[in-house]
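J.: Line order of the protein sequences matches chains A and B.
So for the first sequence, my numbering puts the first residue at 54; every next one is plus one.
So for the second sequence, my numbering puts the first residue at 8; every next one is plus one.
Glycine included, C-beta positions come from ideal geometry on N, C-alpha and C.
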Amino acid sequence: MGLAHVRALTLALLIASVASAHEIGTTQVTARFNRDHTYEIDVVTLRHSNDFAQAAEIRFGGVRVNPEVVVLPNNTIRFRGDIPKNAGPFTWRWKLTYASYALTIGARQEWLDADATSTPFPLSADVLPPSRMDVVRQYLKLGFTHIVPGGLDHILFVLGIFLLSTKLRPVLTQVTAFTIAHSITLGLTIYGLVSVSPRIVEPMIALSIAYVAIENMTTSQLKPWRVAIVFAFGLLHGMGFAGVLKELGLPRSEFLTALVTFNVGVEFGQLAVIAAAFALVAWWARTKPWYRPRFVVPASAAIAATGIFWTVQRLM
Amino acid sequence: MKRIAAVVIAVAAQTAVAHAHDFWIEPSTFRPAVGQMVSASLRVGQEFEGDPIPRSAQFIDSFTVREGTKEKDVVGFENRDPAGYVRVEQPGLAVIGYRSKANPLQLDAAKFEEFLKHEGLERISAIRAQRHETAKPDRERFYRFAKSVLNAGMNGGANGGARFDQPFGYRFEIVPETNPCASTPLRVRLLFEGKPLAGALVTAMHRDDASARIRIRSDKSGRVTLNLPKNGVWMIKSVQMVPAPAGTDADWESMWASLTFER
Chain A
54 MGLAHVRALT
64 LALLIASVAS
74 AHEIGTTQVT
84 ARFNRDHTYE
94 IDVVTLRHSN
104 DFAQAAEIRF
114 GGVRVNPEVV
124 VLPNNTIRFR
134 GDIPKNAGPF
144 TWRWKLTYAS
154 YALTIGARQE
164 WLDADATSTP
174 FPLSADVLPP
184 SRMDVVRQYL
194 KLGFTHIVPG
204 GLDHILFVLG
214 IFLLSTKLRP
224 VLTQVTAFTI
234 AHSITLGLTI
244 YGLVSVSPRI
254 VEPMIALSIA
264 YVAIENMTTS
274 QLKPWRVAIV
284 FAFGLLHGMG
294 FAGVLKELGL
304 PRSEFLTALV
314 TFNVGVEFGQ
324 LAVIAAAFAL
334 VAWWARTKPW
344 YRPRFVVPAS
354 AAIAATGIFW
364 TVQRLM
Chain B
8 MKRIAAVVIA
18 VAAQTAVAHA
28 HDFWIEPSTF
38 RPAVGQMVSA
48 SLRVGQEFEG
58 DPIPRSAQFI
68 DSFTVREGTK
78 EKDVVGFENR
88 DPAGYVRVEQ
98 PGLAVIGYRS
108 KANPLQLDAA
118 KFEEFLKHEG
128 LERISAIRAQ
138 RHETAKPDRE
148 RFYRFAKSVL
158 NAGMNGGANG
168 GARFDQPFGY
178 RFEIVPETNP
188 CASTPLRVRL
198 LFEGKPLAGA
208 LVTAMHRDDA
218 SARIRIRSDK
228 SGRVTLNLPK
238 NGVWMIKSVQ
248 MVPAPAGTDA
258 DWESMWASLT
268 FER
């Protein structure tokens, strides 16, 4: 910053601090910037207008935004909207007053005279919408950690899929069916097109774990219905993922990015479980004669027991 | 950085150009019954459209109501709108009067010149030009002198002996000489420091009809005669400006007088 700029800024601040005061009116303005990257500006005014939106000039870095206008009780008009990406400092101007009034932003209060514009208020980083890369990083990680280490039930289900056969192809077929299915319901549920209560979904997920494990004990063949059933269970798990994702929240500015990368993260988590299981056990043990009776069956039994326990627990 | 500096300056400049606006008293009714409680709201605005100004001891110098020969304080709650309450005790005209303390105001040079022209204060522009100060920002102190006439239970021309034509003794004041609620034409007189003020611009405006507006200069005796074209709520206003006394932080003193009434 050159000396000339310092001087310009200092001069500007001096001019801005000059008292130029009308009488104090009844107007009150409070601006809030939220962590969900929205702004809300409440104006308490006794004035009436058919076009409040026109009377409010809300700018970020000099760029005017178009707020939604809500008329609330107690003479309050609320302007709200999304904080733009890379938003510059916030400024406010209200053209429906001739008196002085206070603009409150958190702990800061500024007195504005009539239709004066407020001094620019820089937004803190936590209210600014994240960039697409931030969202990709964040939701990949959230999706992955929701499986490893967060989702023991999903891990057990994936292990159940894995334990069916020592061959790669049946595992890949099941994983693909499962992935397609949970992607579908994750998307549908997030967009609100499908809604099933967690009181149904969660016990069913537990039951699905028990089912695949029990079937593992009876056969090592990939039956056609098994793929169909894994697909059906995938639909259930997708709803479960959606519940979690809803709790985490999706940035409105990068909704689809977050949805897709969360799903991809979940996928990576599942593949990591399979890869680890394959590396730890199956790589050398799968050809051994004891692999199925001594490992697959007891492990499946343990998984089935856990699944049944969770089913009962989640039903209660 | 250059852009930010430019934005800051632009914004700051806007902050400094806030315009001075009219000030008037708007009672809840101009025609109360005797014994009725009337609220007196203070307003700042223009074109009769304004913001309510809550009562503030910081701004009020005196806030009184006159009925006949009696004058009493207008009561009210601090920081609340309406700023005051009046109970009319006898038939006739009652006059509410408000005098503010001094308030500082700053305007940039261009806005100030525009304002001087708008309020008919070209002689101040001329003084500034003579002193080569046309480009100098304005530093002024402003004062409000607002009055409002309530017509309690009277019809037509009678005024019940009310002394609406007696000045409150404000530094700048619009004094009706005929009954503002009834007389046609209406004659009012401008008094500045107790003496008639000649050549001042007087504006009369109708609350509900912006086209019914009269702009006229006071004559040598400080009088204007107004033929108000229609009934309804009216405001008569005038702005007087003089150099501020030496040794103060202002260059000018502005005085805003208004009179509201219904006819």
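Do the region 145-163 of chain B and the region 81-90 of chain B make contact, defined as three or more Cβ pairs closer than 8 Å?
T.: Output reads no: the region 81-90 of chain B does not touch the region 145-163 of chain B.
J.: Where A354 (chain A) and L275 (chain A) are concerned, what is the direct C-alpha to C-alpha distance, given to the nearest angstrom?
T.: Rounded to whole angstroms, A354 (chain A) to L275 (chain A) spans 19 Å at the Cα level.
J.: Do the region 254-261 of chain B and the region 142-158 of chain B meet, that is, are 3 or more Cβ pairs less than 8 Å apart?
T.: Taking 8 Å as the limit for Cβ pairs, the verdict is that the region 142-158 of chain B does touch the region 254-261 of chain B.
J.: So, for I356 (chain A): in the same chain, excluding its five sequence neighbours on each side, which residues have a beta-carbon less than 7 Å away from its beta-carbon?
T.: Excluding positions up to five away in sequence, the list reads L209, L212, G213, I262, A266.
J.: Name the residues in the region 94-114 of chain A whose C-beta lies less than 9 Å from a C-beta of chain B; which are they?
T.: Those would be T98, L99, R100, G114, in chain order.
J.: P183 (chain A): buried (16+ other C-beta within 10 angstroms of its C-beta) or exposed?
T.: Per the 10 Å Cβ criterion, buried.
J.: What's the gap between the Cα of R270 (chain B) and the Cα of P174 (chain B)?
T.: Between R270 (chain B) and P174 (chain B), the C-alpha separation is close to 21 Å.
J.: Check the Cβ-Cβ distances between F152 (chain B) and every residue of chain A, and say whether any is below 7 Å.
T.: Not one chain A Cβ lies under 7 Å of F152 (chain B).
J.: Taking the Cβ atom as the reference point for each residue, do A207 (chain B) and S245 (chain B) lie within a distance shorter than 7 Å?
T.: Result yes, Cβ atoms of A207 (chain B) and S245 (chain B) sit closer than 7 Å.
J.: Find the nearest neighbour of R185 (chain A) within the set A:F284, A:P126, A:F308, A:A358, judged by alpha-carbon distance.
T.: Nearest C-alpha to R185 (chain A): A:F308.
J.: Quick one: residues in its chain with C-beta nearer than 8 Å to the C-beta of A116 (chain B), no 5 flanking neighbours on either side, listed in chain order?
T.: Excluding sequence neighbours, A116 (chain B) sits near T141, A142, K143, P144, D145.
J.: If you draw a straight line from the C-alpha of N119 (chain A) to the C-alpha of A106 (chain A), how long is it?
T.: For N119 (chain A) and A106 (chain A), the distance between alpha carbons rounds to 8 Å.
J.: Could you tell me whether the region 120-136 of chain A touches the region 93-108 of chain A, using the rule of 3 or more Cβ pairs below 8 Å?
T.: Because the criterion of three Cβ pairs below 8 Å is met, the region 120-136 of chain A and the region 93-108 of chain A touch.
J.: Along the region 48-62 of chain B, where does the CB come closer than 9 Å to a CB of chain A? Name the residues.
T.: Flagged, chain order: L49, R50, V51, G52, Q53, E56, G57, D58, P59, I60, P61.
J.: Name the chain B residues whose beta carbon is nearer than 7 Å to that of G322 (chain A)?
T.: Under the 7 Å cutoff, chain B gives no residues; its nearest Cβ is about 44 Å from G322 (chain A).
J.: With a threshold of 7 Å between beta-carbons, can H125 (chain B) be considered close to chain A, or not?
T.: With 7 Å as the cut-off, H125 (chain B) does not count as an interface residue toward chain A.
J.: Hey, V102 (chain B) and V72 (chain B) are a contact pair by Cβ (cut 8 Å); roughly how many whole angstroms apart?
T.: V102 (chain B) to V72 (chain B), Cβ: 7 Å. Contact.
J.: Quick check on the burial criterion: 16 or more other C-beta atoms within 10 angstroms. Buried or exposed for G201 (chain B)?
T.: G201 (chain B) should be labelled exposed.
J.: Kindly give me the distance between the Cβ atoms of A234 (chain A) and G287 (chain A), rounded to whole angstroms, as I take these residues to be in contact under 8 Å.
T.: A234 (chain A) to G287 (chain A), Cβ: 3 Å. Contact.
J.: Rounded to a whole number of angstroms, what is the C-alpha to C-alpha distance between G196 (chain A) and I111 (chain A)?
T.: Looking at the two C-alpha atoms, the distance is approximately 36 Å.
J.: Just to confirm before moving on: does the CB-CB distance between V51 (chain B) and V93 (chain B) stay below 7 Å?
T.: For V51 (chain B) and V93 (chain B), no; Cβs fall outside 7 Å.
J.: Hey, P175 (chain A) and P142 (chain A): beta-carbon distance below 7 Å or not?
T.: Closer than 7 Å, so yes.
J.: Classify E121 (chain A) as buried or exposed, calling it buried when 16 or more other Cβ atoms lie within 10 Å of its own Cβ.
T.: With fewer than 16 other Cβ atoms within 10 Å, it is exposed.
J.: Looking at V283 (chain A) and A230 (chain A), is the spacing between their C-beta atoms short of 7 Å?
T.: Result yes, Cβ atoms of A230 (chain A) and V283 (chain A) sit closer than 7 Å.
J.: Counting pairs of beta carbons, one from the region 51-61 of chain B and one from the region 151-161 of chain A, are three or more of them closer than 8 Å?
T.: At 8 Å Cβ cutoff, the stretches touch.
J.: Can you check which of these residues, A:I237, A:Q323, A:Q366, is closest to A259 (chain A) by C-alpha distance?
T.: Residue A:Q366 is the option with its Cα nearest to A259 (chain A).
J.: Going by DSSP, what residue range makes up the alpha helix (DSSP H) through A352 (chain A)?
T.: Looking at the DSSP string, the run of the alpha helix (DSSP H) that includes A352 (chain A) is 350-368.
J.: My assumption, with CB atoms under 8 Å, is that R230 (chain B) sits in contact with R196 (chain B). Please give the rounded CB distance.
T.: At roughly 5 Å, the Cβ-Cβ gap stays under 8 Å, so R230 (chain B) and R196 (chain B) are in contact.
J.: I'd like to check one pair, E184 (chain B) with L198 (chain B): are the Cβ atoms closer than 7 Å?
T.: In this structure, E184 (chain B) does not lie closer than 7 Å to L198 (chain B) by Cβ.
J.: Helix, strand or coil for Q173 (chain B), going by three-state DSSP, please let me know.
T.: If DSSP states are grouped into helix, strand and coil, Q173 (chain B) belongs with coil.
J.: Which residues in chain B have a C-beta closer than 9 Å to the C-beta of G296 (chain A)? List them in chain order.
T.: Per Cβ cutoff of 9 Å: no residues; G296 (chain A) is ~45 Å from chain B at best.
J.: What does DSSP give as the partner residues of H213 (chain B) in its beta bridges?
T.: B:W241.
J.: Ends of the alpha helix (DSSP H) at T314 (chain A)?
T.: Residues 308-330.
J.: Any beta carbon of chain A sitting closer than 7 Å to that of D88 (chain B)?
T.: It does: the Cβ of D88 (chain B) has a partner Cβ on chain A nearer than 7 Å.
J.: Using C-beta distances below 6 Å, list every residue in its chain close to I31 (chain B), excluding the 5 sequence neighbours before and after it, in chain order.
T.: Checking the sequence shown, residue 31 (chain B) turns out to be Trp, not Ile. The answer, listed in chain order, is R50, A153, M242, S265, T267.
J.: For V249 (chain B), which residues from the same chain have a beta carbon less than 6 Å from its beta carbon, with the 5 sequence-adjacent residues on both sides left out?
T.: Contacts found: E260.
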